[in-house]
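The structure under discussion appears below in the form of structure tokens.
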Amino acid sequence: MRPLGHAGKGPHMTFKPAQWPRKLRSQEWFGGASKDSIYHRGWMKNQGFPHDLFDGRPVIGILNTWSELTPCNAHLRDLAERVKRGVYEAGGFPVEVPVFSASESAFRPTAMMFRNIAAMSVEEQIRGQPMDGVVLLGGCDKTTPSLLMGAASCDLPAIVVSGGPMLNGYFRGERVGSGTHLWRFSEAVKAGNMTTDEFVEAEASMSRSPGSCNTMGTASTMASMAEALGMALSGNAAIPAVDSRRRVMAHNSGRRIVQMVKDDLKPSDVMTKQAFENAIRTNAAIGGSTNAVIHLLAIAGRVGVDLTLDDWDRCGRDVPTIVNLMPSGEYLMEEFFYAGGLPVVIKRLGEAGLLHKDAITVSGGPMWDEVKDVENQNPDVILPAEKALAKSGGVVVVKGNLAPGGAVLKPSAATPALMQHRGRAVVFEDIDHYKARIADDDLDIDETCVMVLKNCGPKGYPGMAEVGNMGLPPKVLKKGITDMVRISDARMSGTAYGTVVLHTSPEAAAGGPLAVVRDGDMIELDVANRRLHLDISDEEMAARLAEWTPIHIEAESGYLWLHQAHVQGADTGADLDFLKGCRGAPVGKDSH
Ligand code: FES
Numbered sequence: 026m027r028p029l030g031h032a033g034k035g036p037h038m039t040f041k042p043a044q045w046p047r048k049l050r051s052q053e054w055f056g057g058a059s060k061d062s063i064y065h066r067g068w069m070k071n072q073g074f075p076h077d078l079f080d081g082r083p084v085i086g087i088l089n090t091w092s093e094l095t096p097c098n099a100h101l102r103d104l105a106e107r108v109k110r111g112v113y114e115a116g117g118f119p120v121e122v123p124v125f126s127a128s129e130s131a132f133r134p135t136a137m138m139f140r141n142i143a144a145m146s147v148e149e150q151i152r153g154q155p156m157d158g159v160v161l162l163g164g165c166d167k168t169t170p171s172l173l174m175g176a177a178s179c180d181l182p183a184i185v186v187s188g189g190p191m192l193n194g195y196f197r198g199e200r201v202g203s204g205t206h207l208w209r210f211s212e213a214v215k216a217g218n219m220t221t222d223e224f225v226e227a228e229a230s231m232s233r234s235p236g237s238c239n240t241m242g243t244a245s246t247m248a249s250m251a252e253a254l255g256m257a258l259s260g261n262a263a264i265p266a267v268d269s270r271r272r273v274m275a276h277n278s279g280r281r282i283v284q285m286v287k288d289d290l291k292p293s294d295v296m297t298k299q300a301f302e303n304a305i306r307t308n309a310a311i312g313g314s315t316n317a318v319i320h321l322l323a324i325a326g327r328v329g330v331d332l333t334l335d336d337w338d339r340c341g342r343d344v345p346t347i348v349n350l351m352p353s354g355e356y357l358m359e360e361f362f363y364a365g366g367l368p369v370v371i372k373r374l375g376e377a378g379l380l381h382k383d384a385i386t387v388s389g390g391p392m393w394d395e396v397k398d399v400e401n402q403n404p405d406v407i408l409p410a411e412k413a414l415a416k417s418g419g420v421v422v423v424k425g426n427l428a429p430g431g432a433v434l435k436p437s438a439a440t441p442a443l444m445q446h447r448g449r450a451v452v453f454e455d456i457d458h459y460k461a462r463i464a465d466d467d468l469d470i471d472e473t474c475v476m477v478l479k480n481c482g483p484k485g486y487p488g489m490a491e492v493g494n495m496g497l498p499p500k501v502l503k504k505g506i507t508d509m510v511r512i513s514d515a516r517m518s519g520t521a522y523g524t525v526v527l528h529t530s531p532e533a534a535a536g537g538p539l540a541v542v543r544d545g546d547m548i549e550l551d552v553a554n555r556r557l558h559l560d561i562s563d564e565e566m567a568a569r570l571a572e573w574t575p576i577h578i579e580a581e582s583g584y585l586w587l588h589q590a591h592v593q594g595a596d597t598g599a600d601l602d603f604l605k606g607c608r609g610a611p612v613g614k615d616s617h
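The sequence shown begins at 26 in this note's numbering and counts up one residue at a time.
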């Protein structure tokens with residue numbers, strides 16, 4: 026069995042490496058003895074770099090989303106040092122470069138509003154500077170997709186190194202998952218089953234080590250997506266942040282990127298349609314976050330792969346969820362790593378005929394070679410198919426007159442009995458309306474109703490906040506009810522759960538049908554038949570849409586204006602319209 030984080034075994038027959046040696050892009054800055062090259066090179070020497078580092082060897086940008094306000098990535102400078110060791114060892118020249126870090130836990134109104142500007146920061150840092158290949162250092166939810174989107178638009182050789190998850194949390198003897206227990210404890214407080222003091226006491230137990238969320242939330246999902254796409258070395262996703270093997274992974278990735286530059290193995294060679302289909306099936310098998318839908322659509326849009334919501338539904342069908350991790354299951358990322366991590370899951374997909382085995386990874390070889398020899402070390406964590414958490418665990422795409430562009434639901438996090446449901450709508454016009462009404466004992470709502478939240482999509486919130494799993498009314502919670510059907514144009518945290526229909530497209534703020542749902546309307550959700558229906562006539566729908574006027578305020582300046590004016594719908598990845606596509610990395614003009 027190959028050790029985790031090996032540095033690859035060289036080119037595969039289906040990928041034809043470029044000739045080496047050849048002149049690299051960075052030589053346009055550092056090569057020769059012109060005034061310009063001395064300016065570029067000489068100034069770099071103030072850091073003590075010897076002259077021979079500028080001799081035409083691969084210059085590797087280590088794009089670092091480190092920030093003390095992105096706590097999940099606060100340890101990445103240490104990993105960058107490990108990457109540098111590997112790059113030097115392989116004959117490259119590493120340079121660490123900070124890029125925009127969109128912190129999930131700190132950014133307002135929501136980190137998602139900044140994913141696209143972060144991707145723009147990555148793209149322009151690469152394109153405008155002397156780099157031949159890049160190592161993408163991310164971890165927290167939006168950092169991984171923003172790095173992949175920016176790198177895809179430049180298409181220089183790139184490899185992902187994740188920061189890794191936090192160690193398990195424990196509170197009073199019980200496993201505590203990042204995010205998942207935040208929702209659980211919060212609802213327990215509302216239901217009167219936990220005191221506020223206990224809630225505060227639990228806080229520190231959730232985050233007891235460096236790293237990203239330890240559940241199969243969006244951070245772990247996106248690390249898994251990077252690995253399943255083939256953009257990270259095998260085993261990258263699950264190694265805990267503080268495990269010494271995380272440093273080995275970084276070191277080996279540093280070695281590997283140098284060879285990738287020599288071979289000219291680019292994101293467009295790795296992130297093919299087949300790679301995306303592998304990732305979608307992997308997401309179903311791990312019970313991954315619904316946020317992966319939006320991020321993969323956006324990444325595909327950058328690399329020029331035609332990926333749609335229908336691909337999500339088609340590929341995810343009949344893939345069982347076999348990873349028993351919160352929020353769908355009971356364990357955490359630390360145990361997933363000990364069980365063998367993502368390579369075991371990918372091998373299982375391959376054995377079931379659900380993997381494009383030949384898809385090339387950053388190793389230079391086919392995906393199957395990376396996983397075929399691994400073994401499951403814990404069948405309670407990576408379950409046999411007959412014990413799957415959900416037989417069909419793929420993200421479901423429902424459509425109908427309420428969501429002509431589609432909406433998504435995560436079956437492994439939903440209540441089976443609610444997946445076919447007809448109920449009376451209780452409508453919240455926006456998140457403030459929800460907050461103002463939800464605890465009102467006079468609110469006409471019970472557990473058979475369908476909660477509808479509007480104006481929380483990419484334009485409306487703005488940024489598409491993770492509020493789709495809106496908490497249940499306290500008076501319903503007090504009856505011991507833990508789930509209701511909820512529908513919105515928002516997202517949901519990957520650590521959350523419930524029968525929650527998300528990303529309803531077009532969003533309310535763009536005049537989608539969600540905007541005209543009224544209190545008392547009847548709504549039908551039929552997951553088996555992929556249907557989401559507002560029970561009004563076509564004429565009534567047309568009349569309501571004709572009367573509709575937006576309630577959200579358009580910004581007049583700044584990034585907020587740019588975002589609202591150009592963001593696309595969730596059904597195509599919520600990227601900015603002018604950022605779609607691969608623009609390459611031309612060296613441009615020198616201005617000196
Ligand atoms: Fe950063 Fe969860 S808040 S990974």
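Cβ atoms here follow ideal geometry from the backbone N, Cα and C, with glycine treated the same way.
Item, Value
"Close Cβ partners of lysine 109 (< 6 Å) along its chain, the five nearest in sequence each way excluded", "Pro119"
"Alpha helix (DSSP H) runs contained entirely in the region 298 to 385, provided each spans 4 or more residues", "298 to 311, 316 to 328, 334 to 341, 358 to 364, 367 to 376"
"Nearest-residue set for ligand 1, Cβ under 5 Å from any heavy atom", "Cys97, Glu129, Ser130, Cys165, Ser237, Cys238, Ala244"
"Segment contact, 8 Å Cβ cut-off, at least three pairs: the region 350 to 368 with the region 241 to 253", "yes"
"CB-CB length for glycine 482 against alanine 534, believed under 8 Å", "6 Å"
"Minimum length 3: unbroken beta strand (DSSP E) runs contained in the region 165 to 251", "183 to 187, 194 to 196, 199 to 201"
"Member of Gly153, Phe40, Arg272 whose CA lies at the smallest distance from the CA of glycine 175", "Gly153"
"Burial state of glycine 33 (16 or more Cβ within 10 Å)", "Here the model assigns glycine 33 a pLDDT of 45, short of 50, so the residue's position is not dependable, and the following value carries that caveat. Buried."
"Inter-residue Cα distance where the pair is alanine 227 and threonine 240", "16 Å"
"Cβ neighbour criterion (16 or more within 10 Å) applied to tryptophan 45", "exposed"
"Spatial distance of valine 475 from isoleucine 576 (CA atoms)", "22 Å"
"Cutoff 6 Å; reference serine 518; Cβ partners in own chain excluding five residues on either side", "Gly204, Glu491"
"Start-to-end residues for the alpha helix (DSSP H) that takes in glutamate 491", "It is not in any alpha helix (DSSP H) - glutamate 491 carries neither H nor E in the DSSP assignment."
"Sub-8 Å separation of methionine 489 and tyrosine 459 beta-carbons", "no"
"Buried versus exposed, by CB contacts within 10 Å (16 or more), aspartate 602", "exposed"
"Residues sharing a beta bridge with glutamate 121, DSSP", "Ile87"
"N- and C-terminal bounds of the beta strand (DSSP E) containing lysine 424", "421 to 425"
"Environment of isoleucine 512 [buried if 16+ CB atoms lie within 10 Å]", "buried"
"Span separating the alpha-carbon of methionine 296 from that of lysine 605", "15 Å"
"Arginine 140, buried or exposed, once every other Cβ within 10 Å from all chains shown has been counted against 16", "buried"
"CA nearest to the CA of alanine 263, picked from Val420, Glu360, Ser59", "Glu360"
"8 Å contact criterion, which alanine 177 and proline 292 should meet: CB distance rounded", "5 Å"
"Host alpha helix (DSSP H) of valine 292 (start-end)", "First, the amino acid is wrong: residue 292 is proline here, not valine. Element bounds for proline 292: 292 to 295."
"In DSSP terms, what lysine 103 is bridged to", "The residue asked about is misnamed: residue 103 is aspartate in this sequence, not lysine. DSSP, once it has assigned bridges, lists no residue as partnering aspartate 103."
"Given glycine 430 as reference, the closest of Phe74, Tyr522, Pro538 once Cα atoms are compared", "Pro538"
"Contact the region 279 to 293 vs the region 180 to 191: 3+ CB pairs below 8 Å", "yes"
"Arginine 272 - containing alpha helix (DSSP H), residue span", "269 to 288"
"Residue range of the unbroken alpha helix (DSSP H) whose run includes alanine 144", "137 to 152"
"Extent of the continuous beta strand (DSSP E) to which glutamate 549 belongs", "547 to 551"
"Cβ-Cβ distance between histidine 65 and proline 155 below 8 Å", "yes"
"Close beta carbons around aspartate 338, own chain, < 6 Å, minus the five adjacent residues each side", "Val422"
"CB of threonine 315 within 8 Å of CB of arginine 516, strictly", "yes"
"Simplified DSSP assignment, three categories, for arginine 66", "helix"
"Spatial neighbours of arginine 107 in its chain, beta-carbon cut-off 6 Å, leaving aside the 5 residues before and after", "Arg272, Ala275, His276"
"The region 301 to 318 touching the region 412 to 419, judged by at least three CB pairs closer than 8 Å", "yes"
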